[in-house]
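Colleague:
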Amino acid sequence: MKKFLTTLSIIGAILMTNAQKFETKKITDKSGYTYETVQNDKTGVRIYTLKNGLKVYLAKNDDAPRIQTYIPVRTGSNNDPSDNTGLAHYLEHMMFKGTSNLGSSDWEKEKVLIAQISDLYEKHKAEKDPEKKKAIYKKIDEVSQEASKYAIANEYDKAISSLGATGTNAHTWLDETVYKNNIPNNELEKWLKVEKERFSELVLRLFHTELEAVYEEYNRAQDNDSRLVNYELMDALFPKHPNGQQTTIGKSEHLKNPSMVAIHKYFDEYYVPNNYAMVLVGDLDFDKTIKLVDEYFGTFKFKELPMKKMVSEEPMTKIVERTVKSPSAPRLQMAWRTDSYGTQEARLADLVANILTNSGESGLIDLNINQKQKALRALAYESAFKNYGAFSMVIVPKNNQTLDDAKKLLLEQIDLVKKGDFPDWLIPAIVNDMKIQRMKSYETADGLATQLY
């Protein structure tokens, strides 16, 4: 135990030694915009905060006459209503369907039909009789078909691609929803105009069709044993917290009984300027760029966010075991609940994961299991979330191995970490490699932009 504590103390000392203190300065540019910057920061990132609370991260990279853009919204599936899981994800899908000004051939006629569809979905959700639900769903299908006559498909995508944008996409996770584009730098203002339109109004156009696509995605997830294992793992680690109780894709019964009213409420509550940011990295002019961002996005109004009570988990006092049946090869995954992203414990957990698995070459699992072919493959990794985290170890046994035998192999590597039984050079090498990889990521516009959001 003394050896184990000494090892952790050494790790902590190395991390703290390398966590240099930096001075943050506030500077006002010639146009009166104040930004924060870190002294001697080689990336030259400027962080502006507009009057409505919108954070704007700007950095230069002149490798190409383009700008990598991200609009990260500080909300995800953990904020889904408990009776409408999957909502944040399919809202992300609907953000590509346009607005009253973008994507409709006759908005006055279309909006009446969309309102009817919304009312029908509320009736469908409330109805308990299966036959009556089928009848309502048939009506939803009929009205949706009529509304689709006024929808101009993919108009947002066409508007963005006409600017020369690439990499147009989005993703939803536990506590984030992120919208992405890479644009020519001379089309920045047009891009801002389109994005302002998109974030100003939610229109649930072609909702019926898109929801079917999301449900197909849900069905594919049920055939993905890696996802199913992860769902069980998170449920066991977080029996109270949304981390484990609300998957991003959502529950089947909720996807089959959606509420357009709830989606609009979610959008109105969380898609506000003080709850999202704009990250622009590329060949840009700081002064001109912040003026344009303020011109288009500074018009959105600040809004107080919903008050949410933090869900705290009880300490884990016993091992929880789950079994997932699958046609795939047997494998074992073990996990420990850890601390939130950015905490010292999360950093230590990440470092321990690297002591165990290090580029397939020098980690304890690499050397003692994989390279010696004691199992088909094994690894360790840390996943840190906004609240809590998960340290995981995975092993796929050989045909003649039992899962218990494979488990012993992993626990032996943990014992080596506890005893500090690994080369003295390994921790400094890991820390140095982390620095190198981080600095390399700063060399590209996308790499730096990803680090910023």
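If you count the sequence shown from 1, position 342 lands on 341 in numbering that gives the first Met the number 0, and the numbers rise without skipping.
Where is the CB? At the ideal position from N, CA and C, for every residue including glycine.
Given the structure is predicted, the values throughout are model-derived calculations rather than measurements.
1. Using only alpha-carbon positions, find the residue among I354, K371, E442, Y380 that is nearest to W424.
2. Where does E91 land, buried or exposed, given buried means 16+ other C-beta within 10 angstroms?
3. Using the Cα positions of V37 and K24, report the straight-line distance between them to the nearest angstrom.
4. What did DSSP end up calling Q424 once you bin it into helix, strand or coil?
5. Given that a residue counts as buried once 16 or more other Cβ atoms are within 10 Å of its Cβ, and exposed if not, what is T171?
6. Helix or strand or just coil, what does DSSP make of R346?
7. Considering only DSSP beta bridges, list what W335 is partnered with.
8. What residue range does the beta strand (DSSP E) around R454 cover?
9. Could you check what DSSP says for L254 in three-state terms: helix, strand or coil?
10. Taking C-alpha atoms, which residue in I394, F266, K148 lies nearest to L112?
11. By how many angstroms is the C-alpha of Q67 removed from the C-alpha of D445?
12. With 16 other CB atoms within 10 Å as the buried threshold, where does M438 fall?
13. Am I right that D224 and P64 are in contact with their C-beta atoms under 8 Å? What's the rounded C-beta distance?
14. By Cβ distance below 7 Å, which residues in the same chain neighbour K41 in space, the five residues on each side in sequence not counted?
15. When DSSP labels each residue in this structure, what does R376 get in the three-state scheme?
16. Kindly list the residues whose CB is nearer than 6 Å to the CB of V280, restricted to its own chain and excluding five residues on each side of it in sequence; keep chain order.
17. Where does the unbroken beta strand (DSSP E) through R65 begin, and where does it stop?
18. Got a sec? Which residues, its chain only, sit under 6 Å from A152 by beta carbon, not counting five neighbours each side?
19. Could you pull out every residue in the same chain whose Cβ sits closer than 7 Å to the Cβ of A328, ignoring the five residues on either side in sequence?
20. Assign A114 to buried or exposed, taking buried as 16 or more other Cβ atoms, counted over all protein chains shown, within 10 Å of its Cβ.
21. Compare the C-beta of I46 with all C-beta atoms of chain C and state if any pair is closer than 8 Å.
22. What does DSSP give as the partner residue(s) for K24 in the beta ladder?
23. If we require 4 or more residues per run, which alpha helix (DSSP H) segments fall completely within the stretch 213-246?
24. Three or more beta-carbon pairs under 8 Å between the stretch 253-273 and the stretch 118-129, yes or no?
25. Between the C-alpha atoms of I248 and F285, what's the straight-line distance to the nearest angstrom?
26. Helix, strand or coil for L57, going by three-state DSSP, please let me know.
27. Relative to the C-alpha of L291, which residue among N184, K397, E320 is closest?
28. Relative to the C-alpha of K300, which residue among T27, G52, K29, D28 is closest?
29. Reducing DSSP to helix, strand and coil, say where A152 ends up.
30. Quick check on the DSSP output: the alpha helix (DSSP H) that includes V111 runs from which residue to which?
31. With 16 other CB atoms within 10 Å as the buried threshold, where does R204 fall?
32. Classify A134 as buried or exposed, calling it buried when 16 or more other Cβ atoms lie within 10 Å of its own Cβ.
33. For L201 versus M93, is the C-beta spacing smaller than 8 Å?
34. On the DSSP letters alone, give me the boundaries of the beta strand (DSSP E) that G446 sits inside.
35. Hey, would you say T288 sits closer than 8 Å to L187, going by beta carbons?
36. In chain order, which alpha helix (DSSP H) runs of at least 4 residues are fully inside the stretch 147-208?
Modeller: On the basis of the supplied data:
1. I354
2. buried
3. If I take the Cα positions, the gap works out to 6 Å.
4. Note that residue 424 is Trp in the sequence shown, not Gln. Collapsing the DSSP output to three states places W424 in coil.
5. Its Cβ being crowded by 16 or more others within 10 Å, T171 is buried.
6. Three-state DSSP puts R346 in a helix.
7. F390
8. There is no way to answer for residue 454, as the model of the chain reaches only from 0 to 452.
9. Helix.
10. K148
11. 6 Å
12. Counting Cβ neighbours within 10 Å, M438 comes out exposed, since fewer than 16 surround it.
13. Actually they do not touch by this definition, with Cβ atoms about 45 Å apart.
14. none
15. strand
16. A58, N60, Q67, A444, L447, A448
17. Note, R65: beta strand (DSSP E), 65-72.
18. In the same chain as A152, and ignoring 5 residues on each side of it, no C-beta atom comes closer than 6 Å to its own.
19. V395
20. Around the Cβ of A114, a 10 Å sphere holds fewer than 16 other Cβ atoms; the residue is exposed.
21. You won't find chain C in this structure, because it holds only one protein chain.
22. Looking at the DSSP assignment, K24 forms a beta bridge with T36.
23. Taking 4 residues as the shortest admissible run, the stretch 213-246 contains the following complete alpha helix (DSSP H) segments, listed from N- to C-terminal end: 224-236, 241-244.
24. yes
25. 38 Å
26. Reduced to three states, the DSSP call for L57 is strand.
27. Ranking N184, K397, E320 by CA distance to the CA of L291 puts N184 first.
28. G52
29. coil
30. 106-125
31. So R204 counts as buried.
32. exposed
33. yes
34. Note, G446: premise wrong, no beta strand (DSSP E); alpha helix (DSSP H) at 444-451.
35. Between T288 and L187, the CB-CB gap stays under 8 Å.
36. 154-160, 187-199
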